[in-house]
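Before any comments, here is the structure.
Numbering (the working numbering), first residue to last: -9 to 572.
Structure representation (structure tokens):
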């Protein structure tokens, strides 16, 4: 019986420097898949399944992109895997837009073999390490507003006084009266700091006294460093966007923390699996709130936060399969999506609360999930959710996606990251709607707080304070913030990143929503328009008035003062002359 010979592996065409070429060849040929590696493009009958280009001396960005396109055109349909050295200094924006199917930075042998297998199977791989070069220059900081100036200057003064008191108390003074006075002064300063943070600080610090801890700035630190407030697990930077406002970003500003993205398939299912893995990993960490806004979601227990986000992801997958089987599109797809949202939220709440969990309420055991679902109202529509058409058509039908004015394929890295941002925003906003209903139920069911909420919200006062401030924030946002955002064509989006909820702002036309505003909100936009229209004339008037004041002071008042002074001097000279003669 003859032994069957193993089939030869696929051909890989390698472009690299001689020394590096031998090492890469050895790594790939040792793989059990039996890859055949060649570095001779002129080999007779060569039909490579994959191109590997290892760059030793990084060329200019334009040349790198041009050569990558030439390789793809010459050896199509073979995909291209680009290997870059460490410290290449290419910006992430350029790397994500390169026409390559694989991109690795200084890969290990195991990562290289896995990436080759993924690319041969029709997937995509992007592994970009965090930026190691010098940090980009900080953005130009706008002038401090009144609230931010009061916060920064007050914290700096309190910080200096606290350091002085600590220095006088170490070692303890021999006089007990002096010790009591210094300790009382320190308590007074801490109370003043709490009041200052309650008045001008972020909303997260207003409802949870003792939860936030402000770290004193180093001596000599500027206002920007003094304005950085450290919450427990959630730093809120206040140095660039004003008090309580999220920092504005561009929709395509790449994150300097690196990108790790693997698509095993370029289909809609492959894109969804990659997004689900990334979002599940971020949601399982119990993300903290770094958005600069007060969220009802932040009041949940960290374990319940993770459970709720993961339940929403699971329900989204079930809804996605259902819509795929129905094979609908256009307005019918959006209508079906909107009709199924309340049921999706009910099921996510049921999964988060636990279908078999029972807690006492008024002397009786009641099922938590059924009670919460029965009392909640999930027919509310969040006006800040963008149109889901782009997200759904790409995840259901793998349609191209419009990103930064360019129509990209759904498997392009920039398109996948944009989809992840849209999906994360839907997750957080859906979780926020569910969390608001949970807080309302916990206000009527005290036994439920220990199971679903954070420990500091067990007290009725803290819970009611949080709910009242959420209502105040919602009213302010509806009356003032949202009309301003609509008029300025800005849309805030939440994103899950590095175990935290962050905020990013997109610029997109919102004229239709602007026209649908009630008359009270339209007055806010009219005030902004009047300010924009009158500001140039007012500036010209102020400038002309200033010039007039300068002319009056220099030409009229100045000359008059000079003449008066000259007369006084002459008079004094004459009086001195008479005195000498006498």
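Note that CB positions come from ideal geometry on N, CA and C, so glycine has one too. These figures come from a predicted structure and were not determined experimentally.
- Using a Cβ-Cβ distance cut-off of 8 Å, the stretch 359 to 373 and the stretch 292 to 304 are not in contact, since fewer than three pairs of beta carbons, one from each stretch, lie closer than that value.
- By the criterion of a C-beta distance shorter than 8 Å, residue 349 is surrounded in its chain by 355, 356, 358, 435, 437, 438 and 441, once the five residues flanking it on both sides are discounted.
- Of the other Cβ atoms in all chains shown, fewer than 16 fall within 10 Å of the Cβ of residue 562; this residue is therefore exposed.
- The alpha-carbon separation between residue 2 and residue 31 amounts to approximately 10 Å.
- Counting only unbroken stretches of 3 or more residues, no beta strand (DSSP E) element lies wholly within the stretch 261 to 286.
- Partner residues in the beta bridge of residue 348, as assigned by DSSP, are 357.
- Ranked by Cα distance from residue 418, the first of 513, 489 and 455 is 489.
- In the structure shown, residue 70 adopts extended strand secondary structure according to DSSP, grouped into three states.
- Around the beta carbon of residue 77, a 10 Å sphere encloses fewer than 16 other beta carbons of the protein chains shown; the residue is thus reported as exposed.
- Boundaries for residue 471: no alpha helix (DSSP H) harbours it, and the DSSP string shows neither H nor E there.
- The beta carbon of residue 159 sits closer than 6 Å to those of 172, all from its chain and outside the five residues before and after it, given in chain order.
- Residue 48 and residue 74 do touch by the CB rule: their CB atoms are close to 7 Å apart, below 8 Å.
- Distances from the alpha-carbon of residue 423 to those of 374, 405 and 4 put 374 closest.
- Residue pairing of residue 250 in beta bridges, as defined by DSSP: 117.
- Separation of residue 492 and residue 69 (C-alpha to C-alpha, rounded to the nearest whole angstrom) is 35 Å.
- Taken through DSSP and simplified to helix, strand or coil, residue 46 comes out as coil.
- Within the same chain, Cβ atoms closer than 8 Å to the Cβ of residue 336 are found at 363, 366 and 368, the five residues on either side in sequence being excluded.
- Cβ atoms of residue 258 and residue 386 come within 8 Å of each other, at about 6 Å.
- Classified as exposed, residue 524 has fewer than 16 neighbouring CB atoms from the shown chains inside 10 Å of its CB.
- Contact check for residue 289 against residue 444 passes: the beta carbons are separated by less than 8 Å.
- The Cβ-Cβ distance between residue 37 and residue 71 does not fall below 8 Å.
- Shown here for residue 262: same chain residues with a beta carbon closer than 8 Å to its own, the five before and five after excluded, namely 307, 310 and 385 in chain order.
- Three or more Cβ pairs closer than 8 Å define a contact, and the stretch 390 to 403 falls short of that threshold against the stretch 425 to 432.
- Annotated three-state conformation of residue 551 is helix, per DSSP.
- Residue 89 and residue 145 have their C-alpha atoms spaced approximately 50 Å apart.
- Across the set 498, 338, 278 and 529, the C-alpha of 338 shows the shortest separation from the C-alpha of residue 301.
- Here the alpha carbon of residue 24 sits roughly 49 Å from the alpha carbon of residue 279.
- In summary, residue 113 is buried, with 16 or more beta-carbon neighbours lying within 10 Å of its beta-carbon over all protein chains present.
- With at least 16 other beta carbons inside 10 angstroms of its own, residue 86 counts as buried.
- Around the CB of residue 511, 16 or more other CB atoms lie within 10 Å, so the residue is classed as buried.
- Contact between residue 152 and residue 179 holds: CB atoms are separated by about 5 Å, below the 8 Å threshold.
- Going by DSSP, residue 500 is part of no beta strand (DSSP E) at all; its letter is neither H nor E.
- A residue is called buried once 16 or more other Cβ atoms fall within 10 Å of its Cβ, and residue 537, having fewer, is exposed.
- Remark: C-beta atoms of residue 406 and residue 251 approach each other more closely than 8 Å.
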